[in-house]
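Remarks on the structure that follows.
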Amino acid sequence: MPNTAVLCWTTGAWAASFWLMAADPILFNAIGVVLCVHAMVLAAYLIHEAAHNTLFGTPAANRWVGEWVGFIAGASYASFERIRQLHLRHHRDRADVTCFDFKGLMERRPGVRRLLQALEWAYVPATEVLMHLQVVWRPFFVASQRRHLQRAAAMLVLRGTLLIALAAWSPRALALYALAYLLLLHVLNFFDAFHHTFEQYFVEQDQPVPMEGRDRAYEQANTYSSLVSVRWPVLNLLTLNFGYHNAHHERAAVPWYRLPSAHEALFGRQAACVMPLSELLATWHRNRVARVASDHYGTPAAGAGARRADGFIGAHGVSFMTVV
Numbered sequence: 005m006p007n008t009a010v011l012c013w014t015t016g017a018w019a020a021s022f023w024l025m026a027a028d029p030i031l032f033n034a035i036g037v038v039l040c041v042h043a044m045v046l047a048a049y050l051i052h053e054a055a056h057n058t059l060f061g062t063p064a065a066n067r068w069v070g071e072w073v074g075f076i077a078g079a080s081y082a083s084f085e086r087i088r089q090l091h092l093r094h095h096r097d098r099a100d101v102t103c104f105d106f107k108g109l110m111e112r113r114p115g116v117r118r119l120l121q122a123l124e125w126a127y128v129p130a131t132e133v134l135m136h137l138q139v140v141w142r143p144f145f146v147a148s149q150r151r152h153l154q155r156a157a158a159m160l161v162l163r164g165t166l167l168i169a170l171a172a173w174s175p176r177a178l179a180l181y182a183l184a185y186l187l188l189l190h191v192l193n194f195f196d197a198f199h200h201t202f203e204q205y206f207v208e209q210d211q212p213v214p215m216e217g218r219d220r221a222y223e224q225a226n227t228y229s230s231l232v233s234v235r236w237p238v239l240n241l242l243t244l245n246f247g248y249h250n251a252h253h254e255r256a257a258v259p260w261y262r263l264p265s266a267h268e269a270l271f272g273r274q275a276a277c278v279m280p281l282s283e284l285l286a287t288w289h290r291n292r293v294a295r296v297a298s299d300h301y302g303t304p305a306a307g308a309g310a311r312r313a314d315g316f317i318g319a320h321g322v323s324f325m326t327v328v
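Take this note's numbering: the final residue in the sequence shown is number 328, and no numbers are missing along the way.
Spelled out as structure tokens, the structure:
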């Protein structure tokens, strides 16, 4: 029942947001943007749930739902199965495995790095835009990705046609949808950035990575829970309880609506793995330029105490929607 309810809400809210963004009153436009971001955030985290087969009883049902919510979240250029396989590697390898070496690109082309840093300084989520765009273009230009060309081309035509239709119906709605999508990338990157201090590998989808020293103790020691609110747990539903990340990595088969109780059972109410949202917002702001080309995620302070997140630079390019 919770899964059906959130799926219906996500679909309905996403559809309604376009009507609101096209309406005349500015208040309706603002509500439409917020609703669109909200629906796409839920859709993104429903992809994650479907990847773990926690939405419905069969893999086929989860796959169909994963494809649909992937379309809502703008992650449909890669198949759900590709996204699922790379995400399961993240759990199995206890590492951030990414197929597109965006850091290598910045080393080869310093102008790209400077452009990304300038845009990130201006709060444009340019690095995440690049990661989404590479899912579209690499099948056209990279030989190893050519097998994904048919999917990418078909989705490019479909989504391009729909965007043209949206522009013809309401240029305002198209502009506000673009704004909503940039805000979505900010939200997703904020939570992705501070969940781990794993090693990041840039490899092909099936290329193995070294496994020495990365056991379950390593996994938990390098995983953090970024809750929207500890005092009011209901607010964590805004991200489908994705912030309970230590509990998720300890028990990946637990569905989103049971993660709060799993977290409390595993770690207690005052868990050291929980990073204060206010501190994460501060370091996300302070390190927004450094994060672009940093060769490590930083080191959060150990144990309890003030300003634990100050040394946490965070990650780019680790979204399960774009690591393919």
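Glycine included, C-beta positions come from ideal geometry on N, C-alpha and C.
Kindly indicate which three-state DSSP category residue i falls into: helix, strand or coil?
i: phenylalanine 60; result: coil
i: histidine 200; result: strand
i: valine 234; result: coil
i: serine 229; result: strand
i: glycine 272; result: coil
i: tyrosine 222; result: helix
i: glycine 115; result: helix
i: tyrosine 205; result: strand
i: phenylalanine 324; result: coil
i: glycine 302; result: strand
Less than 6 Å between C-beta atoms, sequence neighbours within five positions excluded: which residues of the same chain meet that for residue i?
i: serine 229; result: Gly247, Tyr248, His249, Asn250, Cys277, Val278
i: alanine 319; result: Ala197, Tyr301
i: glycine 321; result: Thr102, Phe106, Met135
i: valine 69; result: Ala54, Leu59
i: methionine 325; result: Ala79
Tell me where the beta strand (DSSP E) around residue i begins and ends.
i: valine 101; result: 100-102
Leaving out five residues on either side along the sequence, give the residues of the same chain with a beta carbon under 7 Å from the beta carbon of residue i.
i: phenylalanine 202; result: Arg98, Ala99, Asp100, Asn226
i: glycine 315; result: Gly302, Thr303, Pro304, Ala305
i: proline 237; result: Pro264
In angstroms, rounded to a whole number, what distance separates the CA positions of residue i and residue j?
i: alanine 118; j: alanine 47; result: Per the sequence shown, the amino acid found at residue 118 is arginine instead of alanine. Those two C-alpha atoms are separated by around 32 Å.
i: alanine 27; j: arginine 255; result: 44 Å
i: alanine 130; j: isoleucine 35; result: 25 Å
i: leucine 170; j: valine 146; result: 31 Å
i: serine 83; j: glutamate 71; result: 7 Å
i: serine 148; j: methionine 44; result: 30 Å
i: glutamine 121; j: glutamine 138; result: 18 Å
i: alanine 179; j: alanine 17; result: 18 Å
i: serine 233; j: asparagine 245; result: 10 Å
i: valine 128; j: histidine 289; result: 12 Å
i: glutamine 209; j: glutamate 132; result: 19 Å
i: alanine 157; j: serine 80; result: 11 Å
i: leucine 231; j: glutamine 274; result: 12 Å
i: glycine 272; j: glutamine 224; result: 15 Å
i: proline 262; j: glycine 115; result: According to the sequence shown, residue 262 is arginine rather than proline. Going from the Cα of arginine 262 to the Cα of glycine 115 covers about 46 Å.
i: glycine 217; j: alanine 286; result: 32 Å
i: phenylalanine 206; j: leucine 153; result: 21 Å
i: tyrosine 222; j: methionine 25; result: 46 Å
i: leucine 186; j: histidine 42; result: 12 Å
i: glutamate 85; j: asparagine 66; result: 10 Å
i: leucine 189; j: leucine 162; result: 22 Å
i: phenylalanine 194; j: tryptophan 173; result: 33 Å
Starting from residue i, trace the alpha helix (DSSP H) both ways and give me its first and last residue.
i: histidine 168; result: A small correction: the amino acid at residue 168 is isoleucine; histidine does not occupy that position in the sequence shown. Here the alpha helix (DSSP H) through isoleucine 168 covers 153-173.
i: phenylalanine 84; result: 84-97
i: glutamate 111; result: 106-112
i: phenylalanine 32; result: 30-55
i: glycine 217; result: First-last for glycine 217: undefined, no H or E at that position.
i: phenylalanine 22; result: 6-26
i: serine 282; result: 281-290
i: glutamine 138; result: 130-145
i: asparagine 250; result: 249-254
i: arginine 262; result: From DSSP, arginine 262 is part of no alpha helix (DSSP H); its letter is neither H nor E.
Assuming residue i contacts residue j under a Cβ cut-off of 8 Å, what Cβ separation, rounded to an integer in Å, is found between them?
i: arginine 312; j: tryptophan 125; result: Arginine 312 to tryptophan 125, Cβ: 25 Å. No contact.
i: leucine 50; j: leucine 11; result: 7 Å
i: histidine 95; j: histidine 199; result: Rounded, the Cβ-Cβ distance is 12 Å, inconsistent with contact.
i: valine 327; j: leucine 90; result: 5 Å
i: phenylalanine 22; j: alanine 177; result: 6 Å
I'd like to know whether the C-beta of residue i is nearer than 7 Å to at least one C-beta of chain C.
i: asparagine 57; result: Here chain C cannot be found, since the structure has a single protein chain.
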